[in-house]
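Presented below is the structure to which this report refers.
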Amino acid sequence: MSDLIHYHIKGSGRPLVLIHGWAMHAGVWQGFADHLAEHCMTVAADLRGHGDSRHMAGPYDFEQHARDVAELIKHLGLRDPLLAGWSMGVSIILKMVELGCADARAFLLVSGNASLVQRDDYTSALAPVVVKRLHKQVQRDYQSGLNTFLNLLCTREEHQRCSADPGYCSAMDVGRCPDHTAALETLACLAAEDLRPQLSRIQVPTLVVHGARDEICPGDAGRCMHSCIPGARLHMLPDTGHMPFITRRESVVDAVQNFLSASGTQASP
């Protein structure tokens, strides 16, 4: 199928679909996927315009990404998968909820925010001027804009401690950056979309994982999602930035395994 987004499969068992964040690709999940592949089949997707799907034409808005992921799940014949999103990947899952195509057994929402920018009634987010400034920088000097973003992904201690981690190295590799147009369009979507109304519509077991020192999606954003999603569980990590599945991998893997066991989602498909 020529219009199917690229994907990487590891392991076997209950399907776990992994959706990466802004300006990233499926490679960021590799260490995390290696650990979970012992218990389930991980399917790491490259969103349209990103990674090995970089060649695919737009549009690159959230609706297209949501439909692409839904089509991938259908194409692979995955029944009741666990949907996991990191950062913008959380927004893609919430858009799938809005569109009614999030056919999943459970959600794992890592370091996301239902609204990346602050609203009149919502302050647990970035100031609009910060995102506008980043958009202009990416538009003017792509690599400089990416470097600004990459520096915000982790605390200084995490950058030093995880410098040899394969997922970290993949994230920091600007040579694997997405199509320039895709990066700009998705960043514009992140600034425009307010997906908070979708949180209360979630009706499947949900685990929210968040770093307390996240500079992109503040810790309060994770707490807000947790409080708005019926029955959700929260795993808040102290002294942790925007990439807990890399910088605090063992803790996150343990939390995910406990969540799967407690919510009855670990049975064979």
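Residue numbers for the sequence shown follow the working numbering, so the first one is 260 and each next one is one higher.
Note that beta-carbon positions come from the ideal geometry of N, C-alpha and C, so glycine has one too.
As the structure is a computational prediction, the values presented were derived from the model and not from experiment.
Spatially closest choice to residue i from the options, by CA coordinates
i    : options                : result
L295 : A304, L275, C421, H284 : L275
V422 : T506, T382, R455, A373 : It is worth fixing the name first, because residue 422 is Ser in this sequence and not Val. That would be T506, whose Cα lies nearest to the Cα of S422.
G426 : D262, L263, D293       : D293
L358 : Q457, A480, C483       : Q457
S346 : A282, V302, V356, S429 : A282
L263 : M355, K333, E474       : K333
S271 : H265, V287, T301, F291 : T301
L331 : S350, D305, S522, G348 : D305
R326 : I352, D379, S312, R338 : I352
Same chain, Cβ closer than 7 Å to residue i, neighbours up to 5 away in sequence not counted
i    : result
L375 : A384, L385, V390, L449, A450
H485 : V467, A491, L493
CA-to-CA distance, residue j to residue i, given in whole angstroms
i    : j    : result
G404 : A471 : 24 Å
F321 : G344 : 13 Å
G280 : T445 : 10 Å
V328 : H418 : 30 Å
M431 : R415 : 14 Å
A285 : L454 : 23 Å
C360 : K395 : 33 Å
I278 : V511 : 16 Å
G310 : H501 : 20 Å
H265 : V349 : 19 Å
Beta-carbon contacts of residue i that lie in its chain and below 8 Å, excluding the five residues immediately before and after
i    : result
T440 : G308, G317, Y319
L341 : R273, P274, L275, V276, C299, A363, R364, A365, F366, L367, L519, T524
V433 : Q402, L405, N406, L409
L393 : G404, T407, F408, L446
A514 : L466, V468, H494
First and last residue of the uninterrupted beta strand (DSSP E) at residue i
i    : result
L342 : 341–345
Y266 : 266–269
I278 : 273–278
V467 : 465–470
C-beta contact flag for residue i and residue j at 9 Å
i    : j    : result
P503 : L496 : yes
C476 : G336 : no
Q462 : P489 : yes
R200 : V356 : Since the first residue shown for the chain is 260 and the last is 528, residue 200 is missing from the structure and cannot be characterised.
R508 : F291 : yes
beta-carbon residue i near the ligand PLP non-hydrogen atom, thresh 8 Å
i    : result
E474 : Ligands are entirely absent from the displayed structure, and the ligand PLP is therefore not among its contents.
Residue i: first and last residue of the uninterrupted alpha helix (DSSP H) it sits in
i    : result
T440 : 439–451
T407 : 401–410
H418 : 415–420
H251 : Residue 251 is absent from the structure shown; the chain starts at 260 and stops at 528.
Cut-off 6 Å between Cβ atoms - residues of its own chain near residue i, not counting five sequence neighbours on either side
i    : result
Q289 : P425, G426
H267 : A285, A303
K354 : F321, A325
Closer than 9 Å to chain C by CB, residue i
i    : result
L385 : No chain C is present in this structure, which holds just one protein chain.
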